[in-house]
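*Asks:* Below are the structure tokens for one structure; questions will follow.
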DNA sequence: CATATTAATCGCAATATTACGATAAAAGGA
DNA sequence: TCCTTTTATCGTAATATTGCGATTAATATG
């Protein structure tokens, strides 16, 4: 494959891309919605709610953790997953600023 | 690979995932920023601005078109790309609603 | 008409993603 | 201690993504 180093893009661009990549699969969107809606966020509940295997859910949870949007806390044999507040707010603000760029600068060239 | 049909997820989940997938690469974020900032949005200008080859830019533009977020209009030998207003607004609203879910329902279970 | 210019597409390679079942690891309960 | 429960990881396969150079197609321009 080709190069395209991280340095070729701004921090905002790579951050935005990272958060969006986390949300780029419907299963991960569904997981985040569950975490937003529920009081408890045990991994097992997520597995029951999704139409995919436990190992696949675990993989998606790992990716969400790596994106920073969620964190997991071990509680006995189970793991409690939650939204990471500061990262969530950061993502919210980045996306808001990005999408607001349209209202601020309506270019109707085509 | 496994199954995971589209029907397994809600329309909102797949729409959100589709828009976010479009934004999941820094080059595509950069392209969208260019389209937001500039009056003209000729493909060649985008190619000049990005650190990747013309064919690769063309591929990213194709993906952005498929996501619905942009549209292209042929103008002689060149192509003018623009944000698709209605899709952009739809994406903005979907994302806003999604991220607002955190403020509405702060669950601090971990 | 010949030749540039512009953008899309093709062919290819490297790597990443998505998914599964099987297995491992870790803690709890009988 | 043995067994269950719960989650992560491993191994593997199928497919998707990312990137490039080369080529094609379409329109301008001389």
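Chains as they are written, first to last, in the numbering used here: chain A, 1 to 110; chain B, 1 to 110. Even for Gly, the Cβ is constructed at its ideal location relative to N, Cα and C. Values in this document were obtained by computation on a predicted structure and should not be read as measured data.
1. For the alpha helix (DSSP H) containing residue 86/A, list its first residue and its last residue.
2. Closest Cβ-Cβ distance between residue 16/B and chain A: below 8 Å?
3. Kindly say whether residue 101/A, judged by its beta-carbon, lies nearer than 8 Å to any beta-carbon of chain B.
4. Less than 8 Å between CB atoms is the rule here; does residue 1/B satisfy it with respect to chain A?
5. Check whether the stretch 21 to 39 of chain A touches the stretch 20 to 27 of chain B, taking contact to mean three or more Cβ pairs, one atom from each stretch, closer than 8 Å.
6. Cβ closer than 7 Å: which chain A residues qualify as neighbours of residue 163/B?
7. Residue 87/A touches chain B at which residues, Cβ-Cβ below 9 Å?
8. Over what stretch of residues does the alpha helix (DSSP H) that includes residue 74/B continue unbroken?
9. Please name the residue in 85/B, 14/B and 53/B whose C-alpha comes closest to that of residue 110/A.
10. Report the residue from 55/B, 33/B and 96/B whose alpha carbon sits nearest the alpha carbon of residue 106/A.
11. Could you list the residues in the stretch 21 to 37 of chain B with a C-beta less than 9 Å from some C-beta on chain A, going in chain order?
12. I need the straight-line Cα distance from residue 79/B to residue 35/B, nearest angstrom please.
*Replies:* To lay it out plainly:
1. Following the DSSP letters along the chain, one finds residue 86/A inside the alpha helix (DSSP H) bounded by residues 85 to 104.
2. Closer than 8 Å to some Cβ of chain A, the Cβ of residue 16/B qualifies, so yes.
3. Put simply, the CB of residue 101/A is near chain B, with a gap under 8 Å to one of its CB atoms.
4. Residue placement at residue 1/B is flagged as unreliable, the pLDDT there being 43, under the threshold of 50; the coordinate-derived value follows with that caveat. Taking Cβ atoms only, chain A never reaches closer than 8 Å to residue 1/B, which makes this a no.
5. Taking a cut-off of 8 Å on C-beta distances, the stretch 21 to 39 of chain A touches the stretch 20 to 27 of chain B, as three or more cross pairs fall below it.
6. Since the first and last residues shown for chain B are 1 and 110, residue 163/B lies out of range.
7. None at all; the shortest Cβ gap to chain B is about 11 Å.
8. Element bounds for residue 74/B: not the alpha helix (DSSP H) but the beta strand (DSSP E), 70 to 75.
9. That would be 85/B, whose Cα lies nearest to the Cα of residue 110/A.
10. Put simply, of 55/B, 33/B and 96/B the residue whose alpha carbon is nearest the alpha carbon of residue 106/A is 33/B.
11. Here the close residues are 21, 22, 23, 24, 25, 26, 27, 28, 29, 30, 32, 33, 35, 36 and 37.
12. About 13 Å.
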